[in-house]
Amino acid sequence: DVKVTQSSRYLVKRTGEKVFLECVQDMDHENMFWYRQDPGLGLRLIYFSYDVKMKEKGDIPEGYSVSREKKERFSLILESASTNQTSMYLCASTAGDQETQYFGPGTRLLVL
Amino acid sequence: GESVGLHLPTLSVQEGDNSIINCAYSNSASDYFIWYKQESGKGPQFIIDIRSNMDKRQGQRVTVLLNKTVKHLSLQIAATQPGDSAVYFCAENMIPGGSNYKLTFGKGTLLTVNP
Numbered sequence: 002d003v004k005v006t007q008s009s010r011y012l013v014k015r016t017g018e019k020v021f022l023e024c025v026q027d028m029d030h031e032n033m034f035w036y037r038q039d040p041g042l043g044l045r046l047i048y049f050s051y052d053v054k055m056k057e058k059g060d061i062p063e064g065y066s067v068s069r070e071k072k073e074r075f076s077l078i079l080e081s082a083s084t085n086q087t088s089m090y091l092c093a094s095t096a097g098d099q100e101t102q103y104f105g106p107g108t109r110l111l112v113l
Numbered sequence: 006g007e008s009v010g011l012h013l014p015t016l017s018v019q020e021g022d023n024s025i026i027n028c029a030y031s032n033s034a035s036d037y038f039i040w041y042k043q044e045s046g047k048g049p050q051f052i053i054d055i056r057s058n059m060d061k062r063q064g065q066r067v068t069v070l071l072n073k074t075v076k077h078l079s080l081q082i083a084a085t086q087p088g089d090s091a092v093y094f095c096a097e098n099m100i101p102g103g104s105n106y107k108l109t110f111g112k113g114t115l116l117t118v119n120p
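Line order of the protein sequences matches chains A and B.
For what it's worth, the numbering used here labels the leading residue of the first sequence as 2, then goes sequentially.
For what it's worth, the numbering used here labels the leading residue of the second sequence as 6, then goes sequentially.
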């Protein structure tokens, strides 16, 4: 069974704080993705990584950065959290030659 | 179908009925499609997928139909159960053969199963 875990289910942070969201997968997948999900907007890709230390911007990278130091771990960083970053954040992974993305349980972030 | 604005399309069915959820995709060059189920407060869960060289694929209680002529995808759920209540959304691979397999997701349909 593919397992993708996220470090927190719920987070409450204050405007201006630096926020780290962690994602770990145990299937040796090459590709990892970070999305945010908002009502009426669906899943929007923030960043993805296709290898260790490799990253590419998705559709909405502004205000975010990522880190992939190890193959199993992909971190999303909010350098200075803002209220418009209140959202559900979802991590996903795929094997290098597969399109099926497997998702973690999500982190619901509230920025006050 | 796909949502417009802030409100998801909804489908309400009786337990035991068959459900059909529709999705219009955007790229005629997409060659891979997938359906996800997302229960409240959880991450999306893979249901079934299909490649563009097929027009039908069956799983356990689910069938996906692909009509490339009109760029339409549907998910059929047989004998719908209360546990099927969730948001269902489709995704397409808009970069066929790309090395990173990015998917583009629809906004989803809320399925409610009445006991």
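Every residue gets a Cβ at the ideal spot worked out from N, C-alpha and C, and that includes glycine.
Everything numeric in this text was worked out from a predicted model, so none of it was measured.
If distances are taken between C-alpha atoms only, which option among the options comes closest to residue i?
i, options, result
"residue 52/B", "29/B, 77/B, 82/B, 21/B", "82/B"
"residue 64/A", "21/A, 109/A, 92/A, 51/A", "21/A"
"residue 72/B", "66/B, 94/B, 55/B", "55/B"
"residue 45/B", "71/A, 94/A, 89/A, 101/A", "89/A"
"residue 17/B", "109/B, 99/B, 94/B, 90/B", "90/B"
"residue 69/A", "16/A, 54/A, 77/A, 79/A", "54/A"
"residue 43/B", "110/B, 112/B, 98/B, 93/B", "93/B"
"residue 82/A", "9/A, 35/A, 16/A, 47/A", "16/A"
"residue 64/B", "118/B, 39/B, 87/B", "39/B"
"residue 99/B", "88/B, 31/B, 49/B", "31/B"
"residue 52/A", "36/A, 62/A, 29/A, 38/A", "29/A"
"residue 24/A", "85/A, 100/A, 39/A, 78/A", "78/A"
Report the CB separation of residue i from residue j in whole angstroms; it is logged as a contact under 8 Å.
i, j, result
"residue 112/A", "residue 14/A", "5 Å"
"residue 75/A", "residue 91/A", "No, residue 75/A and residue 91/A are not in contact; Cβ-Cβ is about 12 Å, not under 8 Å."
"residue 24/B", "residue 85/B", "5 Å"
"residue 4/B", "residue 26/B", "Within the shown structure, residues of chain B are numbered from 6 to 120, placing residue 4/B beyond reach of any answer."
"residue 13/B", "residue 115/B", "5 Å"
"residue 67/A", "residue 94/A", "In fact, because the Cβ distance is near 13 Å, the residues do not count as touching under 8 Å."
"residue 108/A", "residue 45/A", "Actually they do not touch by this definition, with Cβ atoms about 15 Å apart."
"residue 111/B", "residue 43/A", "6 Å"
What in chain A is Cβ-close to residue i, meaning under 9 Å?
i, result
"residue 98/B", "100"
"residue 39/B", "100, 101, 102"
"residue 54/B", "100, 101"
Along chain A, in chain order, which residues have C-beta atoms closer than 8 Å to that of residue i?
i, result
"residue 108/B", "100, 102"
Output the boundary residues of the beta strand (DSSP E) element that contains residue i.
i, result
"residue 59/B", "Premise fails: residue 59/B is in no beta strand (DSSP E) and is neither H nor E."
"residue 93/A", "88-95"
"residue 26/A", "20-26"
"residue 43/A", "43-52"
"residue 70/A", "65-71"
"residue 79/B", "77-82"
"residue 93/B", "91-98"
"residue 34/B", "That residue, residue 34/B, is in no beta strand (DSSP E); it is neither H nor E in DSSP."
"residue 117/A", "Chain A is shown only over 2 to 113; residue 117/A falls outside these bounds and no answer can be derived."
"residue 76/A", "74-79"
"residue 8/A", "Per DSSP, residue 8/A belongs to no beta strand (DSSP E) and is neither H nor E."
I want to verify the contact list: residues of chain B whose CB lies under 7 Å from the CB of residue i, in sequence order.
i, result
"residue 75/A", "Correct list: empty, because the minimum Cβ distance to chain B is about 13 Å."
Can you list the residues of chain A that residue i reaches, using a CB-CB cut of under 7 Å?
i, result
"residue 111/B", "43"
"residue 48/B", "91, 104, 105, 106, 107"
Cβ closer than 8 Å: which chain B residues qualify as neighbours of residue i?
i, result
"residue 46/A", "107"
Meets three-Cβ-pair contact criterion under 8 Å: the region 50-67 of chain A and the region 4-13 of chain A: no
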